[in-house]
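Worksheet: one structure, shown below.
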Amino acid sequence: MIAFNNGCKTVTAATSSVIIATVPIITALLARLLYQERLSRIQWLATAVELAGVMLLSLLKHAFSLNSGLLWLLLAAVSLGVYNLLQRRLTKTYSGLQSSAYSIFMGTLLLAVFLPGSVREARGAPPLQLLYVAMLGFLCSAAAYAAWAQALQRAKRVSSVSNYMFITPFLTTLLGFLLAGERPDWPTAVGGAVILSGVLLFHFGDRVYAARQ
3 MIAFNNGCKT VTAATSSVII ATVPIITALL ARLLYQERLS RIQWLATAVE
53 LAGVMLLSLL KHAFSLNSGL LWLLLAAVSL GVYNLLQRRL TKTYSGLQSS
103 AYSIFMGTLL LAVFLPGSVR EARGAPPLQL LYVAMLGFLC SAAAYAAWAQ
153 ALQRAKRVSS VSNYMFITPF LTTLLGFLLA GERPDWPTAV GGAVILSGVL
203 LFHFGDRVYA ARQ
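The C-terminal residue of the sequence shown carries number 215 in our numbering, and the numbering is unbroken.
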């Protein structure tokens, strides 16, 4: 999170979404190296289609930026890939809820060094902002990581779960429309369609191909 937040300070949201979209690729490569998990050719093709969709969404908006923040985001992407593999290993011993609780607890200990400054800032923060922080902590972090760990525990392969990260930009746009009334533009529609087609190809392409043989 530290690397991701530092990276987001100097790059656009579109750029960060493209870099973070490499997490499924990094996870698949690490899983191939460490766990001997293999993706089919169709699944690699689908992964390329999904990444192209994310890049298309960003480039069509002319919102891509290049600066030192990319290094922080790349570090965050690699860290997330490693996290996925470690969670997969932990869920072999513990339940998804237990493994996510342990990881959140250790993360809290490491971030405790920032507690004094955070308390000072919280005293002067508006109540609504504190509510947003609480929602980020309980819903967007704790609940999300617990659900992610459950998915990693039940899936046959790590890459099958991490591949769903490609739809994050699409879901962000959908939630922006439903919750904030933000109308999606045509680059979002085109990029989202490409991303969704890649997700469908990844999860169902092999079955369709086998059925036609």
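Cβ atoms here follow ideal geometry from the backbone N, Cα and C, with glycine treated the same way.
The model shown is predicted, which means the values in this text are computed figures rather than measured ones.
By DSSP, does A23 sit in helix, in strand, or in coil? In the three-state reduction of the DSSP assignment, A23 falls in the coil class.
Inter-residue Cα distance where the pair is M3 and A78: When rounded, the distance between both Cα atoms is 7 Å.
Would you report the Cα separation of A54 and Q89, rounded to the nearest angstrom? Distance between A54 and Q89, taken at the CA atoms: about 27 Å.
Among S19, S70 and L61, whose alpha-carbon lies nearest the alpha-carbon of N8? Selection S19, S70 and L61 evaluated against N8 yields S70 as nearest (Cα-Cα).
Buried or exposed, going by whether 16 or more other CB atoms sit within 10 Å of the CB of L75? The residue is buried, with at least 16 neighbouring Cβ atoms inside 10 Å.
Best match in L82, V20, L61 and L62 for proximity to L31 [C-alpha to C-alpha]: Nearest of L82, V20, L61 and L62 to L31, Cα basis: L82.
Which residue from R40, Y166 and S143 puts its Cα closest to that of A153? Checked all of R40, Y166 and S143; the closest Cα to A153 is Y166.
Is S120 buried or exposed, if buried means 16 or more other CB atoms sit within 10 Å of its CB? Label assigned to S120: exposed.
Let me check understanding here. Comparing Cα to Cα, which of A182, T175 and L181 lies closest to W188? Ranking A182, T175 and L181 by Cα distance to W188 puts T175 first.
Using only CA atoms, which one of R185, Q45 and S143 lies nearest to A103? Of all alpha-carbon atoms in R185, Q45 and S143, the one lying nearest the alpha-carbon of A103 is that of S143.
By how many angstroms is the C-alpha of L61 removed from the C-alpha of A148? One C-alpha to the other measures close to 33 Å.
Would you mind stating whether G207 and A48 have Cβ atoms separated by less than 8 Å? In this structure, A48 lies closer than 8 Å to G207 by Cβ.
Nearest to L198 (by Cα), restricted to the options M57, I169 and G98: Ranking M57, I169 and G98 by Cα distance to L198 puts I169 first.
Through-space distance from Q155 to S162, alpha-carbon basis: Between the alpha carbons of S162 and Q155 lies a distance of about 11 Å.
DSSP-derived helix/strand/coil call for V13: Correct three-state label for V13: coil.
Count the other CB atoms within 10 Å of the CB of Q45; is the residue buried (16 or more) or exposed (fewer)? Buried: at least 16 other Cβ atoms inside 10 Å.
Helix, strand or coil: which one does DSSP assign to Q131? Shown here, Q131 sits in a helix according to DSSP, grouped into three states.
Just mark T29 as buried or exposed, buried being the case when its beta carbon has 16 or more other beta carbons within 10 Å. So T29 ends up on the buried side.
What's the call for G139, buried or exposed, on a 16-neighbour Cβ count within 10 Å? Note on G139: under 16 other CB atoms within 10 angstroms of its CB, so exposed under the neighbour-count rule.
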